[in-house]
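Quick notes on the structure that follows.
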Amino acid sequence: MTAASKRVLLAKPRGYCAGVDRAVVAVEKALELYGPPVYVRKEIVHNRHVVDRLRERGVIFVEETSEVPEGELVVFSAHGVSPAVRAEAEERNLRTIDATCPLVTKVHKEVNRFAGQDYDILLIGHEGHEEVEGTAGESPSHVQLVDTAEDAANVEVRDPSKVVWLSQTTLSVDETMVRVNQLKDRFPTLADPPSDDICYATSNRQTAVKAMAPECDLVLVVGSTNSSNSQRLVEVAKQAGARDAHLIDYAREVDESWLDGVTTVGVTSGASVPDVLVMDLLSWLADRGWGEVQEVTTANEKIAFALPRELRGV
1 MTAASKRVLL
11 AKPRGYCAGV
21 DRAVVAVEKA
31 LELYGPPVYV
41 RKEIVHNRHV
51 VDRLRERGVI
61 FVEETSEVPE
71 GELVVFSAHG
81 VSPAVRAEAE
91 ERNLRTIDAT
101 CPLVTKVHKE
111 VNRFAGQDYD
121 ILLIGHEGHE
131 EVEGTAGESP
141 SHVQLVDTAE
151 DAANVEVRDP
161 SKVVWLSQTT
171 LSVDETMVRV
181 NQLKDRFPTL
191 ADPPSDDICY
201 ATSNRQTAVK
211 AMAPECDLVL
221 VVGSTNSSNS
231 QRLVEVAKQA
241 GARDAHLIDY
251 AREVDESWLD
261 GVTTVGVTSG
271 ASVPDVLVMD
281 LLSWLADRGW
291 GEVQEVTTAN
301 EKIAFALPRE
311 LRGV
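With the first letter of the sequence shown counted as 1, position 131 gets the number 131 in full-length UniProt numbering; the numbers rise by one all the way through.
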């Protein structure tokens, strides 16, 4: 195989989305304004590199609000929190900065709206994911989680004519529709969300991977194992025709045996991944003969979100 025949297809869009960018900047700004320590409930975004760097700068990540000393500053992560978590923060006299992604907040508002109309809400998502816990927590008596095909087959509702489905924002678009169709077979009048719940960045990254996967012997997705949207990119790559696909946090995690017999490597990254990690991977691949990089562009993202209101004008 000549070096000239080796190439990298680089997906665009990839990496940071507007919600992640806003959340990370919010924590950095809180550090500048108030100095360390700044507490963050859960990981601000699901990326090891980002979390480690913020930890070095004096951010303390906690699992629960109860771990934050009374009166201190806590940032809620991009994945959102339930009303119970907000109430606990208030009880403990905590100063809060809400870095919930606006697209997650939109789903929370949909839950409240449909719960107010006494609908049964079927939330398609992954059990245990922070976003799902926060969303379901808006109205636990109305929300039921549908994760697996078995869930879809067994879920019970009070009135089949008053059922709506909503979803976690970071799912695979195709897999979600499989679940929706299973539910519609059982509940023909199942209502759809007022607008698409899967976020633009998640679907855009999946579309870019689908466009390049059929030409790829190997797709490398830069992202962390607890990142739902990064995990989905690996699945989408394989389903769309890539011979092989792997999730890595850093270039050094690539197993060189994956490159045996490989001509075309596809590269992308999850929505919580800074592009410096992708550039490191491209450099690592170039050192091994994959120096030619062609960008595969399926969308240009121009969305930006304002900082959390607690940080505006300070």
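Ideal placement from N, C-alpha and C gives every residue a C-beta, glycine not left out.
Quick one: Cα of Glu-64 to Cα of Leu-311, how far?
So the alpha carbons of these two residues sit roughly 23 Å apart.
Assess contact between the region 176-192 and the region 206-223, defined as three or more Cβ pairs (one per stretch) separated by less than 8 Å. Is contact present?
Cβ pair count under 8 Å is below three, so no.
Are Leu-277 and His-49 touching if we call contact CB-CB under 8 Å?
For Leu-277 and His-49, yes; Cβs fall inside 8 Å.
Considering only C-alpha positions, which residue in the set Val-62, Gln-206 and Pro-160 is nearest to Asp-174?
Closest by alpha carbon: Gln-206.
Short of 6 Å in beta carbon distance, which residues of its chain neighbour Ser-161, apart from the five on each side in sequence? Order them along the chain.
The answer, listed in chain order, is Thr-189.
What does DSSP give as the partner residue(s) for Thr-268 in the beta ladder?
Paired residue(s): Val-221.
Decide yes or no for the touch test of the region 260-272 against the region 27-41: beta carbon pairs closer than 8 Å, at least 3 of them.
The region 260-272 is not in contact with the region 27-41.
Under three-state DSSP, which class holds Asn-109?
According to the sequence as given, residue 109 is Lys; it is not Asn. Helix, per DSSP.
Taking Gln-168 as the reference, give the member of Arg-55, Val-111, Asp-120 and Val-155 with the closest Cα.
Per the Cα distances, Val-111.
I need the boundaries of the alpha helix (DSSP H) containing Asp-52, first residue and last residue.
From DSSP, the alpha helix (DSSP H) with Asp-52 extends over 48-56.
Less than 8 Å between the CB atoms is what I'm expecting for Asn-222 and Ala-191, so what's the real figure, rounded?
Looking at the sequence provided, one finds Val at residue 222 rather than Asn. That pair is no contact at about 37 Å.
Measuring only the C-alpha atoms, how far is Leu-307 from Arg-95?
Rounded to whole angstroms, Leu-307 to Arg-95 spans 16 Å at the Cα level.
Take the Cβ of Tyr-250 as the centre, count every other Cβ of all protein chains shown within 10 Å, and call the residue buried at 16 or more, exposed below.
Exposed is the call here.
How far does the alpha helix (DSSP H) with Leu-183 in it reach, from first residue to last?
It spans 173-186 - the alpha helix (DSSP H) in which Leu-183 sits, taken as one unbroken run.
Could you pull the start and end residues of the alpha helix (DSSP H) that Thr-280 belongs to?
It is Asp, not Thr, that sits at residue 280 in the sequence shown. First-last of the alpha helix (DSSP H) with Asp-280: 275-287.
Which partner residues does Glu-295 have in the DSSP bridge list?
In DSSP, Glu-295 forms a bridge with Leu-10.
Is Ala-99 closer than 8 Å to Ala-23 when the C-beta atoms are compared?
In this structure, Ala-99 lies closer than 8 Å to Ala-23 by Cβ.
I'd like to check one pair, Arg-55 with Pro-36: are the Cβ atoms closer than 8 Å?
Contact: no.
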